[in-house]
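Mapping the sequence shown onto numbering that gives the first Met the number 0, position 51 (from 1) lands on 50, and the numbers just tick up by one.
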Amino acid sequence: MKHVKFLLVLMCLMALNAQAQTKFCLSYADYKANQWKSYEELIPGKEPDSIRVKYDGQDFKLRTSDNGVNNVIKKDVFMMSLEKSLFINQRFLRDEDGGILPVNNYLRALPYKGNKLLVVSYHVTLGDVLDLVNIGLDIALLATGHTTWGSIFLATDLLLTNDDLMQHHILYMVDKEPNAKGKYIMTRLNDAFMEQLLRDDPVTFEQYYGRQKKGDRQSAANILPILVKKGLIQDYHHKK
Numbered sequence: 000m001k002h003v004k005f006l007l008v009l010m011c012l013m014a015l016n017a018q019a020q021t022k023f024c025l026s027y028a029d030y031k032a033n034q035w036k037s038y039e040e041l042i043p044g045k046e047p048d049s050i051r052v053k054y055d056g057q058d059f060k061l062r063t064s065d066n067g068v069n070n071v072i073k074k075d076v077f078m079m080s081l082e083k084s085l086f087i088n089q090r091f092l093r094d095e096d097g098g099i100l101p102v103n104n105y106l107r108a109l110p111y112k113g114n115k116l117l118v119v120s121y122h123v124t125l126g127d128v129l130d131l132v133n134i135g136l137d138i139a140l141l142a143t144g145h146t147t148w149g150s151i152f153l154a155t156d157l158l159l160t161n162d163d164l165m166q167h168h169i170l171y172m173v174d175k176e177p178n179a180k181g182k183y184i185m186t187r188l189n190d191a192f193m194e195q196l197l198r199d200d201p202v203t204f205e206q207y208y209g210r211q212k213k214g215d216r217q218s219a220a221n222i223l224p225i226l227v228k229k230g231l232i233q234d235y236h237h238k239k
């Protein structure tokens, strides 16, 4: 496992209107119906504080100085859109076997063709556990006031292009309504999924299987570029 050691802090480059740039939804059904609410509607009658975003190599922490707002973000919000980048709450997500994910906060999500959601999730392996102390990954993304969303999401999208980082992430898809407990059982983008996807595309099929090790092959680093190539997600590189 390669050690990933870098610290990235983004300071204010521009002031943006939070109401126009920050919004949330409470369910996958709301997302599909484009039923977003503005950040100012999070707690009726209360002006929400600015959000601080921190990424530690596994998940994203979205925090304000107000514990009441934090509690709503943690327990009730399904997904937040910050400067058009999506962050999905792991609280409502389950893996393909119905198990919880090895994270505690928000994950990056990408719109997938057909009103589906692609979720980029940290994947714990035995090697990760043994080597975790050596990673030294600490990426702090900070927004103060109603500012810097554009610069922040330049960084979060660039993270998706970092092979060392994405090698330790896998992909899921939210494509079904929640179960009786309100949890979304996601579809794992694994060999079976990719074989079905690429059954009529032998060139890209060979590209996918170009990585011999199963973990490398099923990593976000390998699959994300293929999904872009197939037109299933938009290019996640930041565009000004």
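Every residue gets a Cβ at the ideal spot worked out from N, C-alpha and C, and that includes glycine.
To the nearest angstrom, how far is the alpha carbon of residue i from that of residue j?
| i | j | result |
| --- | --- | --- |
| R216 | A191 | 12 Å |
| Q89 | K182 | 10 Å |
| K175 | K31 | 11 Å |
| K213 | G97 | 22 Å |
| A220 | I99 | 22 Å |
| E205 | G56 | 30 Å |
| D29 | A179 | 18 Å |
| R210 | E194 | 14 Å |
| D199 | I72 | 42 Å |
| Y38 | I50 | 10 Å |
| S218 | G44 | 44 Å |
| K229 | H167 | 23 Å |
| D48 | G67 | 11 Å |
| L164 | A108 | 16 Å |
| G113 | D65 | 37 Å |
| N161 | Y207 | 18 Å |
| K36 | E95 | 29 Å |
Would you call the CB atoms of residue i and residue j closer than 7 Å?
| i | j | result |
| --- | --- | --- |
| L41 | V52 | no |
| Y111 | F86 | no |
| Q20 | E82 | yes |
| I222 | L197 | no |
| T63 | N69 | yes |
| V202 | L116 | no |
| V118 | Y171 | yes |
Per DSSP, which one or two residues make a beta bridge with residue i?
| i | result |
| --- | --- |
| F23 | K36, M79 |
| A108 | L85, V118 |
| H167 | Partner(s): none; H167 has no beta bridge. |
| M172 | L117, T186 |
| V202 | Beta-bridge pairing links V202 to no other residue. |
| L92 | Y183 |
Who are the near neighbours of residue i in its chain, counting only those whose CB is closer than 8 Å to its CB and skipping five residues on each side?
| i | result |
| --- | --- |
| V91 | Going by the sequence as given, residue 91 is Phe instead of Val. So the list reads F77, P177, G181, K182, Y183, once near-sequence residues are dropped. |
| E46 | E39 |
| D58 | Q89, V102, N103, N104, Y105, L106, Y121 |
Ordered along the chain, which non-local residues of its own chain (more than five positions away) have a Cβ less than 6 Å from that of residue i?
| i | result |
| --- | --- |
| L226 | I232 |
| S80 | K22 |
Quick one: residues in its chain with C-beta nearer than 7 Å to the C-beta of residue i, no 5 flanking neighbours on either side, listed in chain order?
| i | result |
| --- | --- |
| P224 | none |
| R93 | I99, K182, Y183, I184, M185 |
*Does the region 20–30 come close enough to the region 76–93 that 3 or more CB-CB pairs lie under 8 Å?*
yes
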